[in-house]
Amino acid sequence: MKYAFRGRKEGTILVHLDTDSDGGLMLRIGDDGVGLADRTKWEKPQSLGMELIQTLAGQLGTTVDLIPGPGTVYALESVHQEKRKRA
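Just so we're aligned: the sequence shown equals residues 3 to 89 in the numbering used here.
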């Protein structure tokens with residue numbers, strides 16, 4: 003949030019959690035701030051924050067996508083717990 007609302011005193015944070023028809027979870031986290039100047043950096047993270055998001059999502063067995071549009075919105079989706087592969 004340090005950079006999301008640069009030059010503004012207020013902003014909106016979005017947190018939305020839902021389930022899909024298969025019982026998986028869908029989480030959207032975002033803001034209506036300045037957004038990412040170069041969205042291609044999401045493909046090859048160059049910051050610790052982006053690297054952490056992708057690493058933790060992988061460890062949790064979720065997919066994470068950067069949703070295009072104003073601000074920054076990440077969408078995380080996981081499959082139903084019973085459908086996950088067990089080690």
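Every residue, glycine too, gets a C-beta built ideally from N, C-alpha and C. These numbers were taken from a predicted model, which means no experiment stands behind them.
Under the criterion of beta carbons closer than 8 Å, glycine 35 and glycine 13 qualify as touching, at roughly 5 Å. In this structure serine 80 does not touch leucine 16 by the C-beta definition: roughly 19 Å separates them, more than the 8 Å allowed. Listed in chain order, the non-local C-beta contacts of arginine 8 below 6 Å within the same chain comprise Val36, local neighbours out to five positions each way being set aside. Beta-bridge annotation (DSSP): leucine 38 is not paired with any residue. Boundaries around glutamate 79 are those of the beta strand (DSSP E), 74-80, since no alpha helix (DSSP H) includes it.
DSSP places threonine 57 in the uninterrupted alpha helix (DSSP H) bounded by 50-61. Annotated three-state conformation of threonine 14 is coil, per DSSP. Annotation for arginine 8: no beta strand (DSSP E) segment contains it, and DSSP assigns it neither H nor E.
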